[in-house]
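Each remark here refers to the structure printed beneath this line.
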Amino acid sequence: MQSAPFTSPLAQGLAEDLLERFQRYVRIDSQARRDRERSPSTPGQLELGRLLVRELKEAGLDAVEQDENGYVTATLPEVGGAAGGGEDGHDAGPGAIGLIAHLDTTPDTPAAGAEALVHRAYAGGVIDLPRGGTQLDPASMPELGAKVGHDIVTSSGDTLLGADDKAGVAAIMSAVAHLARHPDLPRPRLRIAFTPDEEIGEGATLFDIPRFGALCAYTIDGSKLGELQDETFSAAEAIITIDGVDVHPGQATGKLVNALRLASRVVAALPDDTLTPETTADREGFIHPYLIEGTAARATIRAIVRDFDDELLEAHQRLLERTAREVVEREPRARLDVALREQYRNMRRYIERVPEAIAAAEAAIRAEGIEPVREPIRGGTDGSRLSEMGLPTPNIFTGGQEFHSLREWASLQDMAASAATIIRLAQEWATRQSPLGGREDSGSRLKDSGSGSKDSVGQPEDSGSG
Ligand SMILES: [Zn+2]
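In the numbering used here, the protein residues as written are 1481 to 1946.
Right, dumping it as structure tokens:
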């Protein structure tokens, strides 16, 4: 059987380079760790970053750097007359477009020893992976059933694959290396960033947006073919700590207050037929306790709270806090602490300030022969916080599927389509009438997207009403 066709000759031409890169990146264990003490949380992310620095330099990019926090950045100069920025490469000015992927993989699934296996020309049916008895069954994975004939990339079965987000890293690397080899292809100044610790919500924390100097950016961190996302959840995290009274169980009569039991009761008291990830879809939010640990003396529950609507997010947090109080207050000798922390905001309102960002991406996806898929992300990306911080950053597909699981897989055809889309996106920005067309106000659009700045308007806000 012959492999399924690619979305374009461009994608086909990129595929083998992309696959080699992907396999190389997957082998480096760059799993993030929660409760990080420094950036990045693990040395594997620095190792992957160093490899990318070497490859970016070999490809001929400028201003290739890995900073002390593990962020890798580089510049591909513009071709075709779009506005440029600073001369030194990294102070690129507002005339640049950013491409971003993350170096780390999820801490929640085994990652050490990952190897990317290629199942050429998938014939349909169950794929048995060599280790751990892991199976990819199209009966429960309809996306896989739709990829008959594709070259399917999987893990060995006992680790994640790491397509989240090494498929995105490889797509960007293949695309910019191709652009660097083909100076005839128009592109704006491109700024590249590979970020650490996205999976623990810290990818944007130490991202230097002014130094990056882009009008907008794209994370290459989505999933299925054609995805283009400008909406994410708004997100909060809760850490609930319960202190009991620990006594030797032999002398515990009337004295022991078991924090672990109280914690289980809090979790059990939360709604379980609604407001859970497994009972909600589309635009519905949830409360998701994902870790409970401790002893009779002290127990901790960690939960994430999600919604697309900020007011509903607030309501879910209050419900979680109220439930914990009601349960724990029944035992006056126990103590309760509820710490709520905002993680990121729905990015839509920030991205709307640069409408060209979505228009150019839609045009690029269509130019690759794909119909854009516009669904809100039931999750977050680096782009959620970057957008809020002043760098509007929608998200584009990578071709990877079943992220964060041992069954994670990717279609090589779809991964190549992602890389080809990046090249077409560069062409879109270089050729369309856009804020990159050299006008002075391209910088003010960036400033506008920061909070409260109106200096670029040059007149009072109410001047239009008189
Ligand atoms: Zn990701």
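For each residue, glycine too, the CB sits at the ideal point set by N, CA and C.
All values reported here derive from a predicted model rather than from experimental measurement.
{"query": "Limits of the unbroken beta strand (DSSP E) element including residue 1779", "result": "1778 to 1787"}
{"query": "Alpha-carbon to alpha-carbon, residue 1655 and residue 1527", "result": "22 Å"}
{"query": "Between the CA atoms of residue 1641 and residue 1724 - distance to the nearest angstrom", "result": "41 Å"}
{"query": "One or two residues paired with residue 1667 in a DSSP bridge", "result": "1559"}
{"query": "Delimiting residues of the alpha helix (DSSP H) encompassing residue 1867", "result": "1862 to 1869"}
{"query": "Contact check, residue 1719 vs residue 1819, beta carbons under 8 Å", "result": "yes"}
{"query": "Cβ neighbour criterion (16 or more within 10 Å) applied to residue 1606", "result": "exposed"}
{"query": "Whole-Å CB distance - residue 1704 paired with residue 1811, under 8 Å assumed", "result": "Residue 1704 to residue 1811, Cβ: 48 Å. No contact."}
{"query": "Residue 1699 - partner residues in DSSP beta bridges", "result": "1580 and 1875"}
{"query": "8 Å contact criterion, which residue 1667 and residue 1556 should meet: CB distance rounded", "result": "7 Å"}
{"query": "Three-state secondary structure (DSSP) of residue 1846", "result": "helix"}
{"query": "Cβ-based neighbour list, residue 1777, same chain, cut-off 8 Å, excluding 5 preceding and 5 following", "result": "1723, 1724, 1725, 1726 and 1739"}
{"query": "Close beta carbons around residue 1801, own chain, < 6 Å, minus the five adjacent residues each side", "result": "1818"}
{"query": "Integer Cβ distance of residue 1679 from residue 1780, believed to fall under 8 Å", "result": "20 Å between Cβ atoms; not a contact."}
{"query": "Near ligand 1: residue 1677 beta-carbon under 7 Å from a heavy atom", "result": "no"}
{"query": "Residue 1887 classed as buried or exposed, judged by whether at least 16 other C-beta atoms fall within 10 angstroms", "result": "buried"}
{"query": "Whole-Å CB distance - residue 1766 paired with residue 1786, under 8 Å assumed", "result": "6 Å"}
{"query": "Residues near ligand 1, criterion Cβ-heavy atom distance below 5 Å", "result": "1644, 1645 and 1701"}
{"query": "Proximity to residue 1830 [Cα-Cα], best of 1741, 1885, 1798 and 1710", "result": "1710"}
{"query": "According to DSSP, residues forming a beta bridge with residue 1820", "result": "1718"}
{"query": "DSSP-derived helix/strand/coil call for residue 1830", "result": "helix"}
{"query": "Rounded C-alpha distance that separates residue 1846 from residue 1883", "result": "25 Å"}
{"query": "Cβ-Cβ distance between residue 1645 and residue 1878 below 8 Å", "result": "yes"}
{"query": "For residue 1733 and residue 1864, believed in contact at Cβ under 8 Å, the rounded distance", "result": "About 51 Å; that fails the 8 Å criterion."}
{"query": "Beta-carbon spacing of residue 1498, residue 1596 below 8 Å", "result": "no"}
{"query": "Identity of the residues DSSP links to residue 1662 by a beta bridge", "result": "Residue 1662 pairs with nothing; no bridge assigned."}
{"query": "Cutoff 6 Å; reference residue 1898; Cβ partners in own chain excluding five residues on either side", "result": "1651, 1877, 1878 and 1879"}
{"query": "CB-CB length for residue 1541 against residue 1687, believed under 8 Å", "result": "Actually they do not touch by this definition, with Cβ atoms about 19 Å apart."}
{"query": "Residue 1735 burial status per 10 Å Cβ neighbour count (16 or more: buried)", "result": "exposed"}
{"query": "Sequence-distant residues of its chain with Cβ nearer than 7 Å to residue 1901 (five each side left out)", "result": "1844, 1845, 1848 and 1876"}
{"query": "Every unbroken beta strand (DSSP E) inside the region 1520 to 1545 [3 residues or more]", "result": "none"}
{"query": "Residue of 1507, 1698, 1692 and 1524 minimising C-alpha distance to residue 1636", "result": "1507"}
{"query": "Per DSSP, the bridge partner or partners of residue 1708", "result": "1876"}
{"query": "Rounded Cβ spacing between residue 1511 and residue 1584 (contact assumed at less than 8 Å)", "result": "7 Å"}
{"query": "Distance between beta carbons of residue 1604 and residue 1618, contact taken as under 8 Å", "result": "7 Å"}
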